[in-house]
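Colleague: Just dropping this structure here.
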Amino acid sequence: LEPRLNIKLETGEHSSVKASYNRMSQYIHLLSNTAASTPLDVWTSSTNNIKPQISDQVAIGYFQNIKDNTYETSVEVYYKTLQNQIDYADRARLFLNPLFEQDLMFGKGRAYGAEFFVKKNKGKVTGWLSYTLARTERKVEGLSNNNWYPNRYDRTHTLSLVGQYELDKKWSFGANFSYISGVPYSIAQQQFGYEGFNVGITSQGVRGNIRIPAYHRFDISATKKNKKALFGKGESEWVFSVYNLYNKRNPFSIYTQPNESKTKELATLTAEQRANQIIPNDAVRLSIIGSVVPSVSYNFKF
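1 is the number of the first residue of the sequence shown in our numbering; add one for each residue after it.
In structure tokens:
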């Protein structure tokens, strides 16, 4: 059963207040203990041991159009509770593990925030600005000292700014700026030797103990419209664009390696002296796209 309720109150000719409630259930689950989606992620359906995830969300917002719908504005706040949230035991192995359910842990979650939106629809200059302030947290018995902790989808700030300028009937120019807070990441800050293996440990067992640095980039484009396509009747256009104009090396994930100086120090000790020695880890950032990407495309309609 997934009830939904929407209420709209007209407060003026061009303004309104909207409130909503909805419940949603999810029977397909993504199992991943990495910082970002990878081909090694595992999907599974609900079973006797894995219950469907259920969310209940309430939201209320104010919406207003200004100057004959030239501008659209809105402010909305929301609060969501989540049941049967999935997390993983420390050092869980999910890929190619027929007994992966033994590494799963279950708890509850919550998400809340505010969304702000402004859009200009008319004139030579159009575009929109959106900003979201949000928190997404989980609480699982036996993890993070039984406290609330940020989950992998928690992004505190999300900002998008899009602009379009129509120079004439042929040429138009666009720009886009995006800023997204880094997601939390549970990383082993130290490791110790145990029976010949290095075992990673986090500070006081806290989940989401660091955040990947924020993601941001700036893109630009120029579009030239043609009345006819190259291969017959119809319209066509050339699009010239530059992705990541200022060459921001945005991080994709973080991995660790043992502290180099401490490793060299331990190499001078005997095996007995090295036993139970704790080695601090150094975080190393990995970038997936870290350069300017120019492109040219041709589009046509017939």
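The beta carbon of each residue, even a glycine, is placed where N, CA and C say it ideally should be.
All values derive from a computational prediction rather than experimental measurement.
Have a look at Gly193 and His157 and give me their C-alpha separation to the nearest angstrom.
Modeller: Unreliable placement is indicated for Gly193, whose pLDDT of 49 sits below 50; no coordinate value is reported for it.
Colleague: Which whole runs of the beta strand (DSSP E) in the region 48-80 are 3 residues long or more, in chain order?
Modeller: Qualifying beta strand (DSSP E) stretches, in chain order: 53-66.
Colleague: Taking Gly163 as part of the beta strand (DSSP E), name the residues at either end of that continuous run.
Modeller: Taken as a continuous stretch (DSSP letters only), the beta strand (DSSP E) holding Gly163 covers 157-166.
Colleague: Compare the C-alpha of Tyr298 against each of Ser253, Leu245, Trp238, Asn244 and name the closest.
Modeller: Residue Trp238 is the option with its Cα nearest to Tyr298.
Colleague: Taking the DSSP output, what are the residues bridged to Ile210?
Modeller: Note: Ile210 sits in a beta bridge opposite Tyr185.
Colleague: For Ile212 versus Val183, is the C-beta spacing smaller than 9 Å?
Modeller: In contact: Ile212 and Val183 (Cβ atoms closer than 9 Å).
Colleague: Could you work out which residue in Ser253, Pro251, Ala59, Ile220 is closest to Val293 when comparing CA atoms only?
Modeller: It is Ile220 whose Cα lies nearest to the Cα of Val293.
Colleague: What does DSSP give as the partner residues of Tyr149 in its beta bridges?
Modeller: Per DSSP, Arg138.
Colleague: What's the gap between the Cα of Leu9 and the Cα of Tyr21?
Modeller: Going by the C-alpha atoms only, they are around 15 Å apart.
Colleague: How is the beta strand (DSSP E) around Gly290 delimited, first residue to last?
Modeller: Counting along the chain, Gly290 falls outside any beta strand (DSSP E), and DSSP gives it neither H nor E.
Colleague: Does DSSP put Phe100 in a helix, in a strand, or in coil?
Modeller: Note: Phe100 maps to helix in three-state DSSP.
Colleague: Could you give the distance in angstroms between the alpha-carbon of Asp103 and the alpha-carbon of Leu94?
Modeller: Going by the C-alpha atoms only, they are around 8 Å apart.
Colleague: Would you say the region 129-138 touches the region 168-175, given that touching needs at least three Cβ pairs under 8 Å?
Modeller: Too few Cβ pairs lie closer than 8 Å, so no.
Colleague: If we ignore side chains and look at the alpha-carbon of each, how far apart do Asn146 and Ser55 end up?
Modeller: Near 21 Å, if we compare the C-alpha coordinates of Ser55 and Asn146.
Colleague: When the Cα atoms are used, what is the spatial distance from Tyr71 to Tyr88?
Modeller: Roughly 46 Å between the two C-alpha positions.
Colleague: If we ignore side chains and look at the alpha-carbon of each, how far apart do Arg4 and Phe106 end up?
Modeller: Whole-angstrom Cα-Cα distance: 26 Å.
Colleague: Below 8 Å on the Cβ atoms is my guess for Val118 versus Thr73; work out the distance and round it to an integer in Å.
Modeller: Rounded, the Cβ-Cβ distance is 5 Å, consistent with contact.
Colleague: If we call anything under 9 Å between Cβ atoms a contact, is Lys120 one with Gly109?
Modeller: Going by C-beta atoms, Lys120 is not nearer than 9 Å to Gly109.
Colleague: Using DSSP bridges, identify the partner residues of Gly12.
Modeller: DSSP output for Gly12 lists Ser15 as bridge partner(s).
Colleague: Name the DSSP beta bridge partners of Ala111, please?
Modeller: Answer by DSSP bridge pairing, in chain order: Lys80, Thr136.
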